[in-house]
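Step one of this worksheet: look at the structure below.
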Amino acid sequence: MRAIRLLLAYDGTAYAGWQIQPNQRTIQGMLSDAVRRVSGEDVRPLASGRTDAGVHALGQVVVFRTESSLPADVWGRALNANLPQDIRVRYADEPPLEFHPIRDAQAKRYRYLIQDGSPLPFWQNKAWQVPRALKDKAMQEAAVRLLGTHDFSAFETSGAPRKTSVR
58 MRAIRLLLAY DGTAYAGWQI QPNQRTIQGM LSDAVRRVSG EDVRPLASGR
108 TDAGVHALGQ VVVFRTESSL PADVWGRALN ANLPQDIRVR YADEPPLEFH
158 PIRDAQAKRY RYLIQDGSPL PFWQNKAWQV PRALKDKAMQ EAAVRLLGTH
208 DFSAFETSGA PRKTSVR
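Here it is as structure tokens:
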């Protein structure tokens, strides 16, 4: 048994989020199907976090366990050949078998895009569309409260494997 770690990028517009759900297209489901087509194995890939419906990712870390002897770089190319164009493996390697993408994460970065004023087609599925002008000064003043270290335990999943909720 070995682990294969992937760095995934995807446009989540057409998906019901990361986690497999009955009768829904999900990123985890599409990746599981691609692994099955490549190796014949049923796997349930584990991601560094679960995204909601319509959420995109530029670098989500994912791991799955396999009995296959395919080299990691071949896994990346083979999965891309079996995934839709809106899901791409950017990188694949073989971490230690005990690697866990949540527990071993050193950092996460989120980007929230807001497009205010008249909606622009380019931002339709990539930014929150606010039809009126936002008050930049008030937002800057409020954002100062987000700087520094805070306890995010109120936002955790119950029983989540975390070293600390302080960030």
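The working numbering numbers the first residue of the sequence shown as 58 and each following residue consecutively.
We put the CB at the ideal spot given by N, CA and C, even for glycine.
Checklist entry - Is residue 117 closer than 9 Å to residue 67 when the C-beta atoms are compared? => result Mapped onto the sequence shown, residue 67 falls at position 10. Mapped onto the sequence shown, residue 117 falls at position 60. Yes, the Cβ-Cβ distance between residue 67 and residue 117 is below 9 Å.
Next on the checklist: Suppose the cutoff is 6 Å on Cβ atoms and the five residues either side in sequence are ignored; what does the same chain contact list for residue 113 look like?
Outcome noted: The residue given as residue 113 occupies position 56 in the sequence shown. Close CB contacts of residue 113 within its chain, under the 6 Å cut and outside five residues either way in sequence, are with 68, 69 (chain order).
Next on the checklist: Using the three-state DSSP reduction, which class does residue 173 fall into: helix, strand or coil?
Outcome noted: Translated into positions along the sequence shown, residue 173 becomes position 116. Looking at residue 173 - three-state DSSP - the assignment turns out to be strand.
Item to check | DSSP-derived helix/strand/coil call for residue 100 | outcome: Taking the sequence shown and counting its residues from 1, one reaches residue 100 at position 43. In the structure shown, residue 100 falls within a coil segment according to DSSP collapsed to helix, strand and coil.
Checklist entry - Can you check whether the CB of residue 212 is closer than 9 Å to the CB of residue 223? => result One-based indexing of the sequence shown puts residue 223 at position 166. One-based indexing of the sequence shown puts residue 212 at position 155. A distance of 9 Å or more separates the beta carbons of residue 223 and residue 212.
Checklist entry - Any idea if residue 179 is buried or exposed, counting beta-carbon neighbours within 10 angstroms, 16 or more meaning buried? => result Stepping through the sequence shown from its first residue, residue 179 is reached at position 122. Exposed, by the Cβ-count rule.
Item to check | Inter-residue spacing [alpha-carbon to alpha-carbon] between residue 93 and residue 162 | outcome: What you label residue 93 is simply residue 36 of the sequence shown in a count that begins at 1. What you label residue 162 is simply residue 105 of the sequence shown in a count that begins at 1. Looking at the two C-alpha atoms, the distance is approximately 26 Å.
Checklist entry - Sorted by chain position, which residues of the same chain lie with C-beta nearer than 7 Å to residue 129's C-beta, five sequence neighbours on each side aside? => result Here residue 129 refers to the residue found at position 72 of the sequence shown. Within the same chain, residue 129 has close Cβ partners 61, 149, 150, 151.
Next on the checklist: For residue 135 and residue 90, what's the separation of their Cα atoms in angstroms?
Outcome noted: Counting from one through the sequence shown, the residue named residue 135 turns up at place 78. Counting from one through the sequence shown, the residue named residue 90 turns up at place 33. If you take the alpha carbons of residue 135 and residue 90, they lie about 12 Å apart.
Next on the checklist: Helix, strand or coil, according to DSSP, for residue 150 in the structure here?
Outcome noted: Locating residue 150 in the sequence shown gives position 93, counting from the first residue. When DSSP states are grouped into helix, strand and coil, residue 150 belongs to the strand group.
Item to check | Reduced DSSP secondary structure (H/G/I, E/B, other) of residue 116 | outcome: Indexing the sequence shown from 1 puts residue 116 at position 59. Three-state result, residue 116: strand.
Next on the checklist: Less than 8 Å separating the Cβ of residue 136 from some heavy atom of the ligand MN?
Outcome noted: The ligand MN is not part of the structure shown, which contains no ligands of any sort.
Item to check | Element boundaries [alpha helix (DSSP H), containing residue 65] | outcome: Locating residue 65 in the sequence shown gives position 8, where the first residue counts as 1. It is not in any alpha helix (DSSP H) - residue 65 instead sits in the beta strand (DSSP E) that spans 59 to 67.
Checklist entry - How far does the alpha helix (DSSP H) with residue 132 in it reach, from first residue to last? => result The residue given as residue 132 occupies position 75 in the sequence shown. Run containing residue 132: 129 to 139, per the alpha helix (DSSP H) assignment.
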